[in-house]
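K.L.:
Here you go, one structure.
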Amino acid sequence: MEYVLKTTALQKKYGSLTVLNNVNMHIPEGAIYGFVGKNGAGKTTLIRLICGLQFPTSGGYTLYGISDTSTEIVKSRKRMGAVVETPSIYLDMTAEDNLKEQYRILGLPSFEAIPDLLTLVGLGNTGKKKAGNFSLGMRQRLGITVALAGNPDFLVLDEPANGLDPEGIIEMRELILKLNREKGITVLISSHILDELARLATHYGFIDHGTILREISAQDLEAACRKCLCVTVSNIQALCMVLDEKELEYRVLSDDRAEIYSAIGVTDLVEALSAKGCVISNLHEREEGLENYYMNLIGGAHHE
Numbered sequence: 021m022e023y024v025l026k027t028t029a030l031q032k033k034y035g036s037l038t039v040l041n042n043v044n045m046h047i048p049e050g051a052i053y054g055f056v057g058k059n060g061a062g063k064t065t066l067i068r069l070i071c072g073l074q075f076p077t078s079g080g081y082t083l084y085g086i087s088d089t090s091t092e093i094v095k096s097r098k099r100m101g102a103v104v105e106t107p108s109i110y111l112d113m114t115a116e117d118n119l120k121e122q123y124r125i126l127g128l129p130s131f132e133a134i135p136d137l138l139t140l141v142g143l144g145n146t147g148k149k150k151a152g153n154f155s156l157g158m159r160q161r162l163g164i165t166v167a168l169a170g171n172p173d174f175l176v177l178d179e180p181a182n183g184l185d186p187e188g189i190i191e192m193r194e195l196i197l198k199l200n201r202e203k204g205i206t207v208l209i210s211s212h213i214l215d216e217l218a219r220l221a222t223h224y225g226f227i228d229h230g231t232i233l234r235e236i237s238a239q240d241l242e243a244a245c246r247k248c249l250c251v252t253v254s255n256i257q258a259l260c261m262v263l264d265e266k267e268l269e270y271r272v273l274s275d276d277r278a279e280i281y282s283a284i285g286v287t288d289l290v291e292a293l294s295a296k297g298c299v300i301s302n303l304h305e306r307e308e309g310l311e312n313y314y315m316n317l318i319g320g321a322h323h324e
């Protein structure tokens with residue numbers, strides 16, 4: 021398998037604070053790689069490292085097979101486009117002028133491709149409207165357009181749906197899918213909006229406290245996601261006692277709800293709870309999704 025990005029024992033420290041610890045990441049060519057972790061887990065730090073905005077404390081990475089310590093890494097980075105934290109746009113300029121400025125920075129000889137690029141991202145009709153008057157979703161798309169100016173093969177997006185309304189999130193999703201499927205661009209998306217990421221990603225990397233816990237393809241994740249029994253009861257303590265006695269895996273969701281991951285007969289459960297004066301008010305089967313998979317991965321599989 022060809023990897024666009026591969027990190028090896030990557031570490032980043034700020035004084036005594038370790039932000040990234042022994043990170044090993046593998047992003048296949050052509051993938052939409054969902055980089056999953058809560059705020060502060062180390063996602064943006066890793067992105068800043070691979071973009072050359074910061075340097076590792078130890079370890080390293082390769083970008084299109086070129087080591088970060090090689091002078092040739094500059095050539096590999098020319099194949100990248102990135103939006104890190106906030107879009108790099110000029111609010112007092114139009115979308116077209118923003119792109120012209122980026123073209124000048126990159127030393128591109130012609131503005132000929134700009135109209136098609138704006139149309140691609142849905143900004144073809146913005147005319148003389150200044151970016152400062154754009155909606156948040158339009159600014160995010162303009163930021164991506166600026167990142168696309170150099171015709172990259174690899175696009176890095178740091179929380180692209182952050183702060184967007186539902187319509188903006190859908191527009192962002194459709195744009196990313198279009199870039200991947202029609203243009204063949206490999207995409208790294210850092211996000212903590214898991215429901216949206218599940219609609220996009222072909223591969224996942226889960227990070228917590230600066231450490232990659234697991235990498236998995238969307239196909240393998242789907243196979244790994246388990247079904248569970250969602251139960252609402254009158255006495256959650258009684259339910260926990262019954263499940264502990266039976267040595268079953270479960271997770272408490274609230275003061276009256278829990279998810280049971282181990283197989284159990286409904287009749288046996290009802291009888292065991294009835295013996296403890298506990299009544300089931302609702303019970304249904306549900307397949308584990310990305311959010312639960314992630315929560316279980318970081319230690320949420322057992323009751324609190």
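Each residue of the sequence shown is one higher than the last, beginning at 21 in the numbering used here. Backbone N, C-alpha and C define an ideal beta-carbon position, used for all residues, glycine too. Since the structure is predicted, the reported quantities are computational estimates derived from the model, not experimental observations.
#1: In or out: residue 106 buried (at least 16 other Cβ within 10 Å) or exposed?
#2: Tell me which residues share the same chain as residue 43 and place their Cβ nearer than 6 Å to its Cβ, disregarding the 5 neighbours each side in the sequence.
#3: So if DSSP puts residue 80 in a beta bridge, which residue, or which two residues, is it bridged to?
#4: Run through the stretch 229-264 for me and flag every whole beta strand (DSSP E) of 3 or more residues, listed as ranges in chain order.
#5: Residue 304: which of 291, 318 and 248 sits nearest, CA to CA?
#6: Is residue 102 helix, strand or coil when you go by DSSP?
#7: Assign residue 257 to buried or exposed, taking buried as 16 or more other Cβ atoms, counted over all protein chains shown, within 10 Å of its Cβ.
#8: For residue 270, does the three-state DSSP call read helix, strand or coil?
#9: Can you give me the C-alpha to C-alpha distance between residue 25 and residue 158, rounded to a whole angstrom?
#10: Compare the Cα-Cα distances from residue 95 to each of 205, 104 and 83 and report the closest residue.
#11: What does residue 87 pair with, by DSSP beta-bridge criteria?
#12: In whole angstroms, give me the CA-to-CA distance for residue 307 and residue 285.
#13: In angstroms, rounded to a whole number, what distance separates the CA positions of residue 74 and residue 89?
#14: In whole angstroms, what separates the C-alpha of residue 150 from that of residue 116?
#15: Just to confirm the assignment, what range does the alpha helix (DSSP H) spanning residue 219 have?
#16: Quick one, which of 264, 243, 152 and 296 has its alpha-carbon nearest residue 111's?
#17: Where does residue 192 land, buried or exposed, given buried means 16+ other C-beta within 10 angstroms?
#18: Is the beta carbon of residue 77 closer than 8 Å to that of residue 33?
#19: Note down the Cα distance separating residue 187 from residue 218, rounded to an integer number of angstroms.
#20: For residue 215, which beta-bridge partners are listed by DSSP?
#21: Which whole runs of the alpha helix (DSSP H) in the stretch 121-148 are 4 residues long or more, in chain order?
#22: What is the rounded straight-line gap between the Cα of residue 59 and the Cα of residue 196?
P.N.:
Let's see:
#1: exposed
#2: 27, 30 and 232
#3: 28
#4: 231-237 and 247-253
#5: 248
#6: strand
#7: exposed
#8: strand
#9: 29 Å
#10: 83
#11: 82
#12: 17 Å
#13: 13 Å
#14: 10 Å
#15: Where residue 219 is concerned, there is no enclosing alpha helix (DSSP H), given that its DSSP letter is neither H nor E.
#16: 152
#17: buried
#18: yes
#19: 17 Å
#20: Per DSSP, none; premise fails for residue 215.
#21: 134-140
#22: 22 Å
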